[in-house]
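Per our numbering, the very first residue in the sequence shown carries number 314; after that it's consecutive. Cβ coordinates follow ideal geometry from the N, Cα and C atoms, glycine included. Bear in mind the structure is a predicted one, so any value in this text is a computation, not a measurement.
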Amino acid sequence: MDNLRISTMTAVSAINSDINLDNLYKNAVINDVLTFIQHGSLGTKGESNKKKRKQRVPKKQKTFFNQVTLHVNCDKIVNVKMFNNGKIQMTGLKYEDHGEKVLSKLLPYLLRLDVESENKILNNSEIEYKPFNIAMINSDFSIGYKVKREVVHREIVDAGMYSSYEPCIYPGVNIKYYYNKDTEGTSNAGICKCSKCCNGKGCGQGDGLCKKITIVVFMSGEVMITGARSREHISICYYFITKMLNSNKGLIILNN
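Okay, here's the thing in structure tokens:
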């Protein structure tokens with residue numbers, strides 16, 4: 314798995330305090346730690362590092378009043394959403410304990426703001442946070458050769474698994490791997506065998522509780538694995554798709 318790259322992680326946590334979002338925005342000072350903040354109709358401070366794409370039709374921005382969006386500089390710019398009930402969501406993390414490192418910078422910043430400001434931000438001066446829960450891991454790698462996508466799609470379907478290939482809509486073969494501990498190591502690994510076909514949003518063990526993970530294979534040989542919640546999920550999907558591609562290489566390889 315030396316060629317496998319973790320592109321981004323999303324994690325959730327919470328602090329033991331409500332957050333007055335209006336006061337947080339009003340008192341926030343842009344510096345080396347906090348580079349950007351956005352809150353509902355109050356607007357923005359700082360500069361977002363988000364790349365803006367040209368839009369043919371102007372898109373109406375949704376306004377959320379129960380959250381603020383922060384950009385925190387910690388190894389890289391991490392997107393942090395803080396909610397008025399103390400919940401926290403981070404996207405753009407690069408490793409499992411990256412979120413803890415972000416909070417080690419952000420929480421002292423918030424406590425200092427709270428002490429220095431007349432309008433209080435927190436209702437608890439001794440802040441603690443809940444252990445982080447990884448909500449999603451996205452990864453990618455290259456198989457090392459170009460592939461015939463229609464053949465990849467057919468091989469996956471013939472194996473009894475879900476695959477979608479519509480090149481006019483999306484350039485990749487979209488494969489759904491239904492992870493369930495009850496079927497791993499059997500001939501049904503990756504296939505939903507629940508008594509009723511589940512939605513794939515479960516914990517990954519038990520009837521009706523499959524965890525759906527997406528594997529996308531492109532003609533270039535690039536492969537994306539998205540929606541995993543652990544490195545175990547990534548590893549299982551990596552070995553599944555590389556074994557399938559390499560064992561059928563004679564059929565799948567695209568020779569220019």
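(1) By Cβ distance, which residues of its chain are closer than 7 Å to Ile434, with the 5 residues on each side in sequence left out?
(2) Around the C-beta of Arg542, are 16 or more other C-beta atoms found within 10 angstroms, so that it is buried, or is it exposed?
(3) Consult DSSP for Gly353 and reduce its assignment to one of helix, strand or coil.
(4) Does the Cβ-Cβ distance between Val530 and Val465 come in under 7 Å?
(5) Can you name the residues that DSSP bridges to Gln402?
(6) Could you spell out where the beta strand (DSSP E) holding Ile538 opens and where it closes?
(7) Is the beta carbon of Asn538 less than 7 Å from the beta carbon of Ile547?
(8) Pick from Cys481, Val486, Glu360: whose alpha carbon is nearest that of Met474?
(9) Buried or exposed for Glu545, going by 16 or more other Cβ atoms inside 10 Å?
(10) How is Met449 classed by DSSP in three states: helix, strand or coil?
(11) Please name the residue in Ile488, Cys511, Ser354, Ile469 whose C-alpha comes closest to that of Asn561.
(12) Helix, strand or coil for Phe454, going by three-state DSSP, please let me know.
(13) Give the DSSP-derived three-state secondary structure of Tyr422 in the structure shown.
(14) Grab me the residues of Pro480's own chain with a C-beta within less than 8 Å of its C-beta, minus the 5 sequence neighbours each way, in chain order.
(15) Please list, in chain order, all residues of the same chain as Val385 whose beta carbon is under 7 Å from its beta carbon, the five residues on each side excluded.
(16) Strictly by DSSP, which residues pair up with Asn386?
(17) Around the C-beta of Asn493, are 16 or more other C-beta atoms found within 10 angstroms, so that it is buried, or is it exposed?
(18) Determine the DSSP secondary structure at Asn379, reduced to helix, strand or coil.
(19) Since Gly534 and Tyr458 are thought to touch, with beta carbons under 8 Å apart, how far apart are those beta carbons, to the nearest angstrom?
(20) So the candidates are Ser508, Gly517, Lys389, Lys509; which of them puts its Cα closest to the Cα of Tyr490?
(21) Do Ile447 and Ala327 have their C-beta atoms within less than 7 Å of each other?
(22) In terms of residue numbering, what span does the beta strand (DSSP E) encompassing Lys525 cover?
(23) Name the residue from Ile319, Tyr551, Glu431 whose alpha carbon lies nearest to the alpha carbon of Lys407.
(24) When DSSP labels each residue in this structure, what does Leu416 get in the three-state scheme?
A quick look at the data gives this:
(1) Mapped onto the sequence shown, residue 434 falls at position 121. Excluding sequence neighbours, Ile434 sits near Ile332, Asn333, Asn336, Leu337, Asn340, Leu423, Leu426, Asp427.
(2) Position 229 of the sequence shown holds residue 542. That one is buried.
(3) The count along the sequence shown starts at 1 and reaches residue 353 at position 40. If DSSP states are grouped into helix, strand and coil, Gly353 belongs with the helices.
(4) Locating residue 530 in the sequence shown gives position 217, counting from the first residue. Locating residue 465 in the sequence shown gives position 152, counting from the first residue. Yes, Cβ-Cβ distance for Val530 and Val465 is below 7 Å.
(5) Locating residue 402 in the sequence shown gives position 89, where the first residue counts as 1. DSSP lists Val325, Lys394 as partners of Gln402.
(6) Your numbering for residue 538 matches position 225 in the sequence shown. Segment 535-541, the beta strand (DSSP E) holding Ile538.
(7) If you number the sequence shown from 1, residue 538 lands on position 225. If you number the sequence shown from 1, residue 547 lands on position 234. Reading off the sequence, residue 538 comes out as Ile, not Asn. In this structure, Ile547 lies closer than 7 Å to Ile538 by Cβ.
(8) Along the sequence shown, one-based indexing puts residue 474 at 161. Minimum Cα distance to Met474 is reached at Val486.
(9) Position 232 of the sequence shown, counted from the start, is the residue given in the question as residue 545. Residue burial is scored here from C-beta neighbours: Glu545 has fewer than 16 other C-beta atoms within 10 angstroms and is therefore classed as exposed.
(10) One-based indexing of the sequence shown puts residue 449 at position 136. Strand, per DSSP.
(11) As a working note, residue 561 is residue 248 in the sequence shown. If we check each option's Cα against that of Asn561, Ile469 comes out closest.
(12) Residue mapping note: residue 454 aligns to position 141 of the sequence shown, counting from 1. DSSP, read as helix, strand or coil, puts Phe454 in strand.
(13) Taking the sequence shown and counting its residues from 1, one reaches residue 422 at position 109. Of the three classes helix, strand and coil, the one that applies to Tyr422 here is helix, per DSSP.
(14) As a first step, residue 480 is located in the sequence shown; it is residue number 167 there, counting from the start. Non-local beta-carbon contacts of Pro480 in its own chain, meaning distances under 8 Å to residues more than five positions away in sequence, involve Arg462 in chain order.
(15) Looking up residue 385 in the sequence shown gives position 72. Only residues of its own chain outside the window of five on either side were considered, and among them Val346, Leu347, Val391, Val393, Val415, Lys418, Leu419 have a CB closer than 7 Å to the CB of Val385, listed in chain order.
(16) Indexing the sequence shown from 1 puts residue 386 at position 73. Asn386 is bridged by DSSP to Ile390.
(17) As a first step, residue 493 is located in the sequence shown; it is residue number 180 there, counting from the start. The residue in question, Asn493, is buried, as its Cβ has 16 or more Cβ neighbours within 10 Å.
(18) Indexing the sequence shown from 1 puts residue 379 at position 66. Correct three-state label for Asn379: coil.
(19) Along the sequence shown, one-based indexing puts residue 534 at 221. Along the sequence shown, one-based indexing puts residue 458 at 145. With a Cβ gap of about 5 Å, Gly534 and Tyr458 count as contacting.
(20) Here residue 490 refers to the residue found at position 177 of the sequence shown. Cα-wise, what sits closest to Tyr490 is Gly517.
(21) Walking along the sequence shown from the start, residue 447 turns up at place 134. Walking along the sequence shown from the start, residue 327 turns up at place 14. No, these two residues do not count as a Cβ contact at 7 Å.
(22) Taking the sequence shown and counting its residues from 1, one reaches residue 525 at position 212. Per DSSP, Lys525 belongs to the beta strand (DSSP E) from 524-530.
(23) In the sequence shown, the residue the question calls residue 407 occupies position 94. Ranked by Cα distance from Lys407, the first of Ile319, Tyr551, Glu431 is Ile319.
(24) On the sequence shown, position 103 is the one that residue 416 refers to. DSSP places Leu416 in the helix class (H, G or I) of the three-state scheme.
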